[in-house]
Amino acid sequence: MNSRKKRFKLYKSGKQWITAAIVSIGFIAGTQVKHVHADTTTNQIQTTQTQTTAESNASQSTTLAIANNENSNSASASVASAQAAATQQNQNVNAETSFAQSKVVVNTTNQVNASSQSSNNIDATDLNNQASDISAQSDIKNTGWQKVNDNWHYIKEDGTEQTGWYKSQAGFWYYFDNETGNALKGWNTINNNLYYFDQINSNALTNWQKIDGHWYHFDSVNAWADTGWYKSQANLWYYFDLTNAQALTDWQKIDGHWYHFDPVNAWADTNWQNINNHWYYFDPTNADARTGWFKSNAGNWYYFDPTNADARTGWFKSQAGLWYYFDPTNAWALKDWQYINNHWYHFDTINVWADTGWFKSNAGNWYYFDPTNADARTGWFKSQAGLWYYFDPTNAWALKNWQYINNHWYHFNWDNVWADTGWQKINGKWYYMDPINAWILTGTQEINGKTYTFNSDGSWADGWDWPFPQDGEGYFSGGQLFGIHAGGEFRLNGFHDGLDFGSIDHPGREVHAIHGGTVKIVGYGSGLSWYAVVDTGEYLVVYQEAFSSKNNILVHEGQQISTGDVIGIRDTSHVHIGITRDHNFKHALASSFINNGTWLDPQKIIREGL
């Protein structure tokens, strides 16, 4: 087969022309052959032009339709036999666009009337002699692409068949079997490399191909299937099976590292991925899944399981006995204050572990976290030193200053937050707190053999008080506090000229006077709503933003009031209390958003005045 030649031979007998084609197929891209009819009653030759799309220019192949001889009765069995040896069916050929011009001679099948066999028999010996004579005069070699039994062959200029590798002018690779000369199709392993040859045109596929539902990548130069790691021009990683070259998908453990390959596109995922409701982080450069501790560019900590690489969520206790809590949705380690399962916790802002024992916040509040479970204590707590503390049931901070708890008043040291006991001088007033229970004593009491009388509030003097006595000082968020604080950025210059007592943090509808004095103004202003201004002598105190109607204000201009009297009924979200030494209220309002000393801190004044 290696030296096999295929030729066209043209035979002439009298006025008969018979084309004998052993193999006459031009490998021509997009060849279209028009139908040719052999007329059995006439003696004409019909020529049909066949349009061919070539690699770079169009060529034409001429199809000759050879009719029978000019004798009307010239269709004998001998002629039919000769024609049977020389007849070739029309073929529609798909050809690679790289091949140059080629001529194809195609015989149509003659329709022969074989009823008369006696008078026009042609001597086979004469016919062969004439054919040999014509062959000697015109030997047309058929070279280039040929299709035999649905297999492509390539005939070289010397008439021999191409075997092994062949690269076309268009740059396509082909491989021809050394024994049969057939161009290979489908999957083939050559010199330990996998290739895939097109099932129709037999060219080796290159670049990305999806075959039988799997992705493959074939080298653009050598056409072999890539195996192992491959990085695309888009900087995406892929991994092709070392045996069958398929692009791996889903989870794969390679060289001790986990990777996840996209189920559709087969690329290795990078960065953050949520897979089956678990978070993973894949290195942006190498695509391997992170394990252990990892700190993101945003400053968040994560912990990825050393075995499965999924990010931990919920509670996690380290080998060092430290507690961490990872957000159930985003998997980052929580920081700062967190309310989890009805308990407060504080997580270190740098190391993200849960604090235990005593902790003082940046706001100056004290907390105590259980040494074992790390949850913040609430309610009463007695230390090993025998000191009493009370932690807010809602916010868990240790209460300070005056607190009314279970029908008793207590005073908690401002710095150390323990409940004071015994004699205490607070803001110039004397109080006596029970040595065992720490509550203040009222009325007539005998202390160390002497009799003392205490007012109903436990003190001997009147002074400042909170607008909601039942709440005492209570607590405030940053946006409620006087001055410039986090949470108040929405205000002009970020400055707050008073103190806001919210309906949630300071519940109650009755707004009490924080100090006695004379009601100077009851009015309405844009941004203030209905308001009342009280002159204490040293200060002007304004109560604003609490009353949606004048009917909610229970005092009137010129009225003398005392500390604790009801100014009005709050029906809004908060009451704003402002204090200024400027007795011209309109003038003071001009500095509402300017921190120039016009407005003073009500919290500080009330606290120090108690």
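According to our numbering, the sequence shown is numbered sequentially starting from 3.
Virtual Cβ for every residue (Gly too), placed ideally from N, Cα, C.
Check whether residue i and residue j have beta carbons under 9 Å apart
| i | j | result |
| --- | --- | --- |
| GLY481 | GLY474 | no |
| PHE497 | ASN597 | yes |
| LYS431 | VAL419 | no |
| HIS413 | ILE449 | no |
| TRP154 | ASN184 | yes |
| VAL521 | GLU547 | no |
| ASN205 | PHE174 | yes |
| THR574 | SER531 | yes |
| ALA270 | TYR305 | no |
| ILE569 | ALA534 | yes |
| THR444 | ASN457 | yes |
| PHE470 | HIS410 | no |
| ASP467 | HIS576 | no |
| VAL536 | ILE571 | no |
| ASN273 | PRO265 | no |
| PHE242 | ALA249 | yes |
| ALA376 | ALA398 | no |
| VAL359 | PHE371 | For the sequence presented, residue 359 should be read as Gly rather than Val. Yes. Within cutoff. |
| ASP499 | PHE484 | yes |
Residue i classed as buried or exposed, judged by whether at least 16 other C-beta atoms fall within 10 angstroms
| i | result |
| --- | --- |
| PHE257 | One point to set straight first is that residue 257 is Asp, not Phe, in the sequence displayed. Counting Cβ neighbours within 10 Å, ASP257 comes out exposed, since fewer than 16 surround it. |
| SER461 | buried |
| ARG583 | exposed |
| TYR545 | buried |
| ASN336 | As written in the sequence, residue 336 is Leu, which differs from the Asn given in the question. By the 10 Å Cβ count, LEU336 comes out buried. |
| GLY146 | buried |
| PRO395 | exposed |
| LEU244 | exposed |
| SER298 | exposed |
| GLN472 | exposed |
| VAL543 | buried |
| SER222 | exposed |
| TRP260 | buried |
| TRP295 | exposed |
| THR309 | exposed |
| HIS589 | exposed |
| ASP422 | buried |
Alpha-carbon to alpha-carbon, residue j and residue i
| i | j | result |
| --- | --- | --- |
| ASN246 | PHE263 | 17 Å |
| GLY215 | LEU207 | 16 Å |
| TYR434 | SER551 | 43 Å |
| VAL150 | GLN201 | 15 Å |
| GLY188 | TYR176 | 12 Å |
| ASP233 | TYR218 | The sequence shown places Lys at residue 233, not Asp. C-alpha separation (whole angstroms): 13 Å. |
| THR229 | ASP307 | 30 Å |
| ALA592 | GLY518 | 25 Å |
| PHE383 | TYR347 | 17 Å |
| ILE523 | GLU540 | 16 Å |
| ASP252 | PHE220 | 21 Å |
| TYR156 | ALA268 | 37 Å |
| GLU610 | ASP603 | 11 Å |
| PHE616 | GLY323 | A query on residue 616 cannot be resolved here, the shown segment of the chain reaching from 3 to 612 and no further. |
| ILE277 | ALA300 | 21 Å |
| GLY476 | ASN353 | 31 Å |
| GLY330 | PHE361 | For the sequence presented, residue 330 should be read as Pro rather than Gly. Whole-angstrom Cα-Cα distance: 26 Å. |
| ALA387 | PHE492 | 46 Å |
| ILE579 | PHE328 | 41 Å |
Heavy atom of the ligand NAD within 8 Å of residue i beta-carbon
| i | result |
| --- | --- |
| ASP467 | Among the components modelled here there is no ligand, and therefore nothing to report on the ligand NAD. |
N- and C-terminal bounds of the alpha helix (DSSP H) containing residue i
| i | result |
| --- | --- |
| LEU591 | 587-591 |
Span of the beta strand (DSSP E) around residue i
| i | result |
| --- | --- |
| LEU501 | 501-504 |
| GLU547 | 542-549 |
| PHE393 | 390-393 |
| SER531 | 531-537 |
| THR191 | 188-192 |
| LEU196 | 195-199 |
| VAL568 | 568-571 |
| TYR218 | 216-220 |
| VAL419 | Taken as a continuous stretch (DSSP letters only), VAL419 belongs to no beta strand (DSSP E), as it is neither H nor E. |
| HIS348 | 345-349 |
| HIS508 | Where HIS508 is concerned, there is no enclosing beta strand (DSSP E), given that its DSSP letter is neither H nor E. |
| ILE449 | 445-449 |
| TYR477 | Per DSSP, TYR477 belongs to no beta strand (DSSP E) and is neither H nor E. |
| HIS487 | That residue, HIS487, is in no beta strand (DSSP E); it is neither H nor E in DSSP. |
| VAL521 | 519-527 |
| ASP467 | Note, ASP467: premise wrong, no beta strand (DSSP E); not H, not E. |
Short CB-CB distance (under 9 Å) between residue i and chain B
| i | result |
| --- | --- |
| ASP285 | Among the protein chains of the structure shown there is no chain B, as only one such chain exists. |
With contact counted as at least three CB pairs below 8 Å, one residue from each stretch, are the segment 314-326 and the segment 284-292 in contact? The segment 314-326, when compared against the segment 284-292, does not touch it at the 8 Å Cβ threshold.
Contact between the segment 361-377 and the segment 299-317 is defined here as three or more beta-carbon pairs at a separation below 8 Å; is this criterion met? The segment 361-377, when compared against the segment 299-317, does not touch it at the 8 Å Cβ threshold.
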